[in-house]
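Note that the protein sequences, when read in sequence, are chains A and B.
Here my numbering is used: the first residue of the first sequence is 218, the next is one more, and so on.
Here my numbering is used: the first residue of the second sequence is 218, the next is one more, and so on.
Quick reminder that beta carbons are idealized off the backbone N, C-alpha and C, glycines included.
Nothing here was measured: the structure is a model prediction, and the numbers come from that model.
Below: the structure, in structure tokens.
Protein chains: 2
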Amino acid sequence: MRPLTVQGRPIAGGRLPAVCVPLVARTAQALLAEAAAAALQGPDLLEWRVDFFEGIGRTDEVVALAAQLRAAAGGLPLLFTRRSSREGGQPIPLDEPQVLALYQAICQARSADLVDVEIEADPAHVAAVREATRAAGITLVLSFHDFQRTPPASELLERFRRAHRLGADVGKVAVMPQSRADVLALLQATWEASQALPIAVAGMSMGALGAVSRVVGGEFGSALTFGAGQAASAPGQLPVADLRAALAVLRSASGAS
Amino acid sequence: MRPLTVQGRPIAGGRLPAVCVPLVARTAQALLAEAAAAALQGPDLLEWRVDFFEGIGRTDEVVALAAQLRAAAGGLPLLFTRRSSREGGQPIPLDEPQVLALYQAICQARSADLVDVEIEADPAHVAAVREATRAAGITLVLSFHDFQRTPPASELLERFRRAHRLGADVGKVAVMPQSRADVLALLQATWEASQALPIAVAGMSMGALGAVSRVVGGEFGSALTFGAGQAASAPGQLPVADLRAALAVLRSASGAS
């Protein structure tokens with residue numbers, strides 16, 4: 218079970234899971250306010266979901282704003298994510314080569330600490346981001362999302378393995394359950410991946426049915442969980458304070474006899 | 218997913234899991250104080266682990282004390298349990314026919330609302346208790362414990378099925394995990410049993426490793442969880458207040474979108 222690392226150093230005191238709050242505002246001003254408010258809730262990192270940002274087409278502004286968001290959050294590590302519309306993100310006015318160029322600019326300026334790219338992106342695109350993150354010492358999250366269903370545990374494990382093969386520092390899988398058995402399948406695959414792979418992994422089962430996974434995932438090897446700040450970025454995210462309270466109970470229980 | 222019932226009525230508002238606090242004091246005076254203190258923590262029922270009671274050999278006293286404990290706890294339902302030393306209980310000066318006679322006396326006096334007998338007890342003993350509980354309208358829990366290991370999920374499911382075949386109103390399985398995978402196996406079997414059987418089921422993975430199951434078991438069909446009052450009766454039990462706090466978070470999350 219590996220914790221999330223930034224610049225090679227574990228965050229959240231090396232404990233699983235690190236708690237991340239997504240930033241989903243549309244304007245720079247609203248994002249700065251959202252980052253400052255999120256920081257007060259005590260997360261371990263923030264994720265900027267840049268596909269929500271109205272200025273995503275202005276590269277220099279995005280790069281500068283990323284650094285400002287980190288500063289507004291008191292220096293919390295920042296995860297930079299353009300979620301594709303195919304995997305649940307917002308439609309944006311950039312094509313994929315432009316998205317790649319944006320990631321490369323972010324990496325070169327080191328204005329984020331981690332970046333997220335989808336496993337199913339063009340392999341050349343993934344490789345180029347991998348090269349940019351390595352050069353800049355940025356943590357690469359390779360992710361997979363399915364908002365409709367939960368593939369069998371064996372397929373989920375294969376997604377984690379693919380993230381590792383593609384050079385991820387963190388493999389992330391977020392899927393929608395249709396039954397409680399699907400929630401257990403996600404936890405099982407996350408646990409197996411955390412044992413089998415030399416990278417950090419993050420697994421989450423979405424929606425109300427899967428919300429329990431956001432609390433207990435860390436017990437089964439998940440290095441990262443998302444809690445809602447001003448707004449959730451995916452279904453089933455709990456308010457950060459609630460998430461923290463439940464994690465504290467589990468932590469004390471795991472330390473008990 | 219069936220809730221725990223007493224006299225045919227669901228307890229804990231029909232929600233899963235009902236929270237039970239064990240009473241483990243050795244004297245009548247200490248037990249009455251323990252019951253009153255436990256009731257203040259807001260459990261849904263109490264379990265009297267009568268194998269801890271120094272007066273277990275005096276049937277009339279046990280029967281009267283059971284009723285007094287229920288009264289001391291403001292009328293909370295009382296689960297009456299003699300745990301055998303083979304399954305983690307205390308040594309007692311009664312032989313099995315004497316234990317059966319004690320259960321029959323408790324049922325006849327209706328001084329408990331539920332009673333727990335082990336699945337692996339003598340089948341004639343189980344049948345006799347079954348008859349006594351049916352005659353008295355008392356809920357029968359048939360239980361299995363393994364303090365060393367967790368059998369495979371298929372075997373755990375078979376224990377639940379056996380509890381049902383033997384006439385249980387509630388099938389309970391409590392096992393010790395040696396890995397996180399064992400915790401998932403217990404949750405999986407509990408979930409499958411809750412779907413497959415027409416009775417309430419309760420599943421718990423013990424110790425620090427399994428403590429998470431005491432919080433999330435209800436999400437996977439477990440109708441009953443144990444939280445420590447003055448003292449725990451099995452390894453991994455959380456303080457009731459902590460357990461309640463974590464359950465409240467999960468409940469709000471399950472109601473979220």
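- Here A:F270 carries a coil assignment [DSSP, helix/strand/coil].
- When Cβ-Cβ separations below 8 Å define contact, B:G453 makes contact with chain A.
- Bridge partners of A:D363 according to DSSP: A:V392.
- Going by C-alpha positions, A:S302 is about 6 Å away from A:P308.
- C-alpha of A:V241 to C-alpha of A:A256: approximately 14 Å in a straight line.
- Non-local beta-carbon contacts of A:Q258 in its own chain, meaning distances under 7 Å to residues more than five positions away in sequence, involve V238, G446, V457 and A458 in chain order.
- Classified as buried, B:S411 has 16 or more neighbouring CB atoms from the shown chains inside 10 Å of its CB.
- Using beta-carbon distances, B:R287 does not count as an interface residue toward chain A, since no partner is under 8 Å.
- The Cβ atoms of A:F437 and B:R397 lie closer than 8 Å to each other.
- Looking from the CA of A:R378, the closest CA among A:D363, A:M393 and A:P415 belongs to A:P415.
- Taking the Cβ atoms as the reference, B:T442 lies roughly 6 Å from B:V236, within the contact range of under 8 Å.
- Interface residue (Cβ-Cβ distance to chain B less than 8 Å): A:R397 is classified as such.
- Here the alpha carbon of B:V433 sits roughly 44 Å from the alpha carbon of A:E278.
- Around the beta carbon of B:S328, a 10 Å sphere encloses 16 or more other beta carbons of the protein chains shown; the residue is thus reported as buried.
- Nearest Cα to A:V390 within the set A:R382, A:D399, A:S422 and A:A413: A:S422.
- Inter-segment contact for the region 358-378 of chain A and the region 364-371 of chain B is absent: fewer than three beta-carbon pairs are separated by less than 8 Å.
- Residue-level contact by beta carbon holds for B:L401 and chain A, with a gap shorter than 8 Å.
- B:V343 and B:G384 have their C-alpha atoms spaced approximately 9 Å apart.
- Ranking A:I355, A:G427, A:T356 and A:G435 by CA distance to the CA of B:S469 puts A:G427 first.
- If the five residues before and after A:S360 are omitted, its C-beta is found closer than 6 Å to the C-beta atoms of D333, E335 and K389, all from its own chain and listed in chain order.
- With the criterion set as a beta carbon lying under 7 Å from some beta carbon of chain B, the members of the region 460-472 of chain A are A462, A463, V466, L467, S469, A470, S471 and G472, in sequence order.
- A residue is called buried once 16 or more other Cβ atoms fall within 10 Å of its Cβ, and B:Q405 is buried on that count.
- Chain A has a Cβ within less than 8 Å of the Cβ of B:F437.
- Per DSSP, the beta bridge partners of B:C237 are B:L262 and B:F443.
- A:R300 is positioned such that its CB atom lies no closer than 8 Å to that of A:R347.
- Taking 7 Å as the upper bound on Cβ-Cβ separation, chain B lies near residues Q405 and W408 of the region 405-418 of chain A.
- When the beta-carbon positions are compared, A:M393 and A:T367 come within less than 8 Å of each other.
- The beta-carbon of A:V223 is placed no less than 8 Å from the nearest beta-carbon of chain B.
- Sorting B:F297, B:V280, B:P260 and B:S430 by C-alpha distance to the C-alpha of B:L331 places B:F297 at the top.
- A straight-line Cα-Cα distance of about 53 Å links A:R219 and B:L319.
- B:P314 has its alpha-carbon roughly 12 Å from the corresponding atom of B:P340.
- Counting along the chain, the unbroken beta strand (DSSP E) around A:G420 starts and ends at A417 to S422.
- For A:L404, the enclosing alpha helix (DSSP H) covers residues R397 to A413.
- B:E337 sits in coil when the DSSP states are folded into three classes, being neither helix nor strand.
- Comparing C-alpha distances from B:A352 to each of B:Q321, B:G420, B:F269 and B:A290 shows the shortest one belongs to B:Q321.
- Residues of the same chain with a CB within less than 8 Å of the CB of A:E271, apart from the 5 flanking positions on each side, are R243 and T244 in chain order.
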